[in-house]
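The sequence shown begins at 422 in our numbering and counts up by one.
What follows is one structure encoded as structure tokens, with my remarks underneath.
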Amino acid sequence: MNSANAVLGLDCPGLDHEHDVLMSLIARLEEIVGHPDSTARLNEILENLELYIEAHFEYEESIMRRVGFPCVDEHSKQHQDMRQHLRSLSALAGGGFAVPPEHAIQLVEGWLNWHLDGADRRLSDFLKERRIDLSKFV
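Here's what the structure looks like:
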């Protein structure tokens, strides 16, 4: 897979920047495919990904609550599902199981593309329709 295939560009600068960071972490996963110490590097990248995703999800969920986004519960449920998937993947990789980086890429990139093109696009449209400037939510 190639992270360049991601459905980016929600035309919402605050969200787009955060999604660019997520895609750069996925690109780091792609770099370790076939690397001799991919297991150790996978654990490090997954840890960084978990930390960043947690901060990103908290940011998005805070915005949704503050602006009265009507789909906040559904959106947050999708975030919770991804948190659980990442925790499970990290537990496997950290527990000595050989998790191919390609599996991690498929999981994270696939979910992110689906989420961006659905839930995040609805959030972005809601924000744009109401002319909400995310720079005020830093």
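Cβ coordinates follow ideal geometry from the N, Cα and C atoms, glycine included.
Q: Have a look at Gly516, Pro521 and His536 and flag the residue whose alpha-carbon is nearest the alpha-carbon of Pro457.
A: In the sequence shown, counting from the first residue as 1, residue 457 sits at position 36. Among Gly516, Pro521 and His536, the Cα nearest to that of Pro457 is on Pro521.
Q) For the putative contact between Leu472 and Leu537, defined by C-beta atoms under 8 Å, what is the C-beta separation to the nearest angstrom? A) Your numbering for residue 472 matches position 51 in the sequence shown. Your numbering for residue 537 matches position 116 in the sequence shown. Not really, about 20 Å apart at Cβ, beyond 8 Å.
Q. Counting along the chain, where does the alpha helix (DSSP H) carrying Gly531 start and finish?
A. Along the sequence shown, read from residue 1 onward, the residue named residue 531 stands at position 110. Element bounds for Gly531: Pro522 to His536.
Q: Flag this pair as yes or no: are the beta carbons of Ala540 and His496 separated by less than 8 Å?
A: Within the sequence shown, residue 540 is the residue found at index 119, counting from 1. Within the sequence shown, residue 496 is the residue found at index 75, counting from 1. Yes, the Cβ-Cβ distance between Ala540 and His496 is below 8 Å.
Q. Going straight from the alpha carbon of Asp546 to that of Leu513, what length do you get?
A. Sequence index remark: in the sequence shown, residue 546 carries index 125 (1-based). Sequence index remark: in the sequence shown, residue 513 carries index 92 (1-based). Distance between the alpha carbons of Asp546 and Leu513: 37 Å.
Q.
For the alpha helix (DSSP H) containing Ser509, name the first residue and the last one.
A. Residue numbering aside, residue 509 sits at position 88 when the sequence shown is read from its first letter. Per DSSP, Ser509 belongs to the alpha helix (DSSP H) from Val493 to Gly515.
Q: Could you tell me how far apart the beta carbons of Leu548 and Val488 are, in whole angstroms, since I believe they sit closer than 8 Å?
A: Translated into the one-based positions of the sequence shown, residue 548 becomes position 127. Translated into the one-based positions of the sequence shown, residue 488 becomes position 67. Between Val488 and Leu548 the Cβ distance is about 7 Å, and since that is below 8 Å, they are a contact.
Q.
Within a Cβ cutoff of 7 Å, which residues of the same chain sit near Asn469, ignoring the five residues on either side of it in sequence?
A. The residue you call residue 469 lines up with position 48 of the sequence shown. Counting only Cβ-Cβ distances below 7 Å, and skipping sequence neighbours, we find Leu446.
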